[in-house]
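According to our numbering, the stretch in the sequence shown is residues 19 to 323, in order.
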Amino acid sequence: MVRETHLHVEDFIYPIFVIEGENIKNEVPSMPGVYQLSLDRVMEEVTEAYNLGIRGIMFFGVVSDKDEIGTGAFIEDGIVQEATRLAKKQYPDLLIIADTCLCEYTSHGHCGVIHNHDVDNDESLKLLAKTAVSQAQAGADIIAPSNMMDGFVAVIREALDEAGFKHIPIMSYAVKYASSFYGPFRDAADSTPQFGDRKTYQMDPANRLEALREAESDIEEGADFLMVKPALSYLDIIREVRDNFNVPVVAYNVSGEYAMVKAAAEKGWIDERKLVIEMLTSMKRAGADIILTYFAKDVAEYLNK
Ligand code: PBG
Numbered sequence: 019m020v021r022e023t024h025l026h027v028e029d030f031i032y033p034i035f036v037i038e039g040e041n042i043k044n045e046v047p048s049m050p051g052v053y054q055l056s057l058d059r060v061m062e063e064v065t066e067a068y069n070l071g072i073r074g075i076m077f078f079g080v081v082s083d084k085d086e087i088g089t090g091a092f093i094e095d096g097i098v099q100e101a102t103r104l105a106k107k108q109y110p111d112l113l114i115i116a117d118t119c120l121c122e123y124t125s126h127g128h129c130g131v132i133h134n135h136d137v138d139n140d141e142s143l144k145l146l147a148k149t150a151v152s153q154a155q156a157g158a159d160i161i162a163p164s165n166m167m168d169g170f171v172a173v174i175r176e177a178l179d180e181a182g183f184k185h186i187p188i189m190s191y192a193v194k195y196a197s198s199f200y201g202p203f204r205d206a207a208d209s210t211p212q213f214g215d216r217k218t219y220q221m222d223p224a225n226r227l228e229a230l231r232e233a234e235s236d237i238e239e240g241a242d243f244l245m246v247k248p249a250l251s252y253l254d255i256i257r258e259v260r261d262n263f264n265v266p267v268v269a270y271n272v273s274g275e276y277a278m279v280k281a282a283a284e285k286g287w288i289d290e291r292k293l294v295i296e297m298l299t300s301m302k303r304a305g306a307d308i309i310l311t312y313f314a315k316d317v318a319e320y321l322n323k
């Protein structure tokens with residue numbers, strides 16, 4: 019009666035990795051229970067999530083054919099575009115949230131194009147806008163740009179509007195830190211930068227005011243949701259964003275946060291189920307309305323019971 023915070027299955031977005039090839043279901047070594055799935059098997063996972071009541075999915079592509087500009091991100095028959103078409107066809111009421119970035123498709127693993135050994139912000143924006151439009155054309159319901167280039171929301175908004183997608187909202191990864199918690203994801207998506215790091219575009223974990231500046235500029239550019247990423251070490255930032263803006267706030271419970279829990283549980287050192295509920299509840303208590311999490315199916319199961 020007096021409990022203030024509740025988890026609901028409709029709070030969650032479930033990330034799924036789609037890999038090129040046939041009949042593939044590879045477990046990600048650092049993420050037990052998370053798989054890379056080929057297009058012919060990905061609907062098994064989507065269906066499982068759907069049947070548990072999950073209504074938001076995000077696809078990440080894993081491809082071997084990479085190039086300097088990340089062409090695989092924006093081609094019409096790109097792997098995420100194909101997965102989106104399949105999922106929307108079978109489940110029209112399932113929300114497909116598209117992660118708009120180039121790092122899974124560039125040979126160097128950076129989130130934009132490289133000129134003179136660094137990411138060229140403005141050149142990257144053009145390709146990101148193309149990527150967003152191709153995702154919307156494939157049926158994505160929400161565009162979620164995670165690349166952290168300056169001005170990405172404005173450029174993507176304009177491109178979507180021009181292409182006839184005025185109604186498609188933007189879930190901006192507004193506050194994204196240059197975090198060591200992304201390690202397992204980069205194994206899963208094969209997107210580790212081949213040189214340097216992402217510190218020229220992602221944020222310094224020591225900064226709080228910068229998070230507010232990032233969020234503010236994204237709102238001015240037209241963001242409809244604000245995301246904070248990672249979540250667990252940034253609960254204070256989630257609260258700041260919640261208190262200062264009136265759009266839905268999304269927390270990304272990232273791969274490293276998932277891997278730590280799974281590793282400790284495997285050793286029998288913690289009670290996984292209780293810990294997961296406690297972690298996700300803390301994110302909601304901090305102010306998140308929506309949580310992107312690899313635990314989505316597990317929690318849905320607990321909640322359904
Ligand atoms: C970048 C992107 C990253 C994640 C999702 N999209 C991070 C990165 O490599 O910088 C990480 C998600 C996770 O760790 O679960 N496009």
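All C-beta atoms in this analysis are idealised placements derived from N, C-alpha and C, irrespective of residue type, glycine included.
Inter-residue Cα distance where the pair is residue i and residue j
i    : j    : result
L57  : M19  : 45 Å
N225 : D254 : 11 Å
V246 : Y252 : 8 Å
I132 : G88  : 11 Å
T218 : H128 : 11 Å
D29  : M189 : 15 Å
G274 : I114 : 23 Å
Y276 : E122 : 20 Å
P223 : K194 : 9 Å
L146 : E239 : 15 Å
N134 : A101 : 35 Å
D307 : P266 : 6 Å
G214 : F243 : 30 Å
F183 : A177 : 8 Å
V36  : S152 : 17 Å
D168 : N139 : 7 Å
Y200 : V279 : 14 Å
Proximal residues to residue i (C-beta, below 8 Å), its chain only, five neighbours per side dropped
i    : result
R103 : A156 and G157
D85  : Y123, T124 and S125
N271 : P248, A249, L250, M297, L298, M301, I309, L310, T311, Y312 and F313
G90  : G79, V81, D83, K84, G96, I97, E122 and Y123
N41  : S56, D58 and R59
R216 : H128, C129, M166 and A196
V317 : L25, V27, F30, V294, I295, L298 and T311
8 Å Cβ cutoff met for residue i and residue j
i    : j    : result
E319 : L70  : yes
I174 : T124 : no
V60  : V52  : no
M76  : A206 : no
V27  : L227 : no
D261 : A192 : no
K315 : A67  : yes
A162 : A116 : yes
Nearest-angstrom Cβ-Cβ length linking residue i and residue j, presumed shorter than 8 Å
i    : j    : result
A241 : I256 : Actually they do not touch by this definition, with Cβ atoms about 16 Å apart.
M166 : Q212 : That pair is no contact at about 18 Å.
Close beta carbons around residue i, own chain, < 6 Å, minus the five adjacent residues each side
i    : result
K144 : none
F313 : V294
E232 : A192 and V193
Cβ neighbours of residue i in the same chain (closer than 7 Å, five flanking residues each side left out)
i    : result
S164 : D117, T118, C119, Y191 and K194
> Which ranges would you report for the alpha helix (DSSP H) in the stretch 160-185 if only whole runs of at least 4 residues count?
Replying inline: Taking only runs of at least 4 residues, the alpha helix (DSSP H) segments lying wholly in the stretch 160-185 are 170-180.
>> Ignoring anything shorter than 3 residues, give me the beta strand (DSSP E) runs that lie fully in the stretch 245-301, in order along the chain.
In response: DSSP runs (the beta strand (DSSP E)) wholly in the stretch 245-301: 267-271.
> What beta strand (DSSP E) runs, 3 residues minimum, are completely inside the stretch 61-116?
Replying inline: As for any beta strand (DSSP E) of minimum length 3 sitting wholly inside the stretch 61-116, the runs are 74-80, ordered along the chain.
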